[in-house]
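Residue numbers (the working numbering): 702 to 752.
Don't be surprised by glycine CBs; every beta carbon is placed ideally from N, CA and C.
These figures come from a predicted structure and were not determined experimentally.
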């Protein structure tokens, strides 16, 4: 869960997006098996760029 928190904090700091939306996306990635904070952050940034 620490990886999830780190990733949410990083994406919010870099994009100033809604924390709840970022947390929901990263939570889904975490539950899908991604555990590396760097990978979660990268995937979160990619998703926000597409939106």
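Alpha carbon of residue i to alpha carbon of residue j, nearest angstrom
i: residue 736; j: residue 705; result: 8 angstroms
i: residue 750; j: residue 703; result: 24 angstroms
i: residue 746; j: residue 733; result: 17 angstroms
i: residue 739; j: residue 731; result: 12 angstroms
i: residue 718; j: residue 744; result: 15 angstroms
i: residue 708; j: residue 715; result: 11 angstroms
Candidates the options, of which the one nearest residue i by Cα
i: residue 742; options: 721, 703, 732 and 727; result: 727
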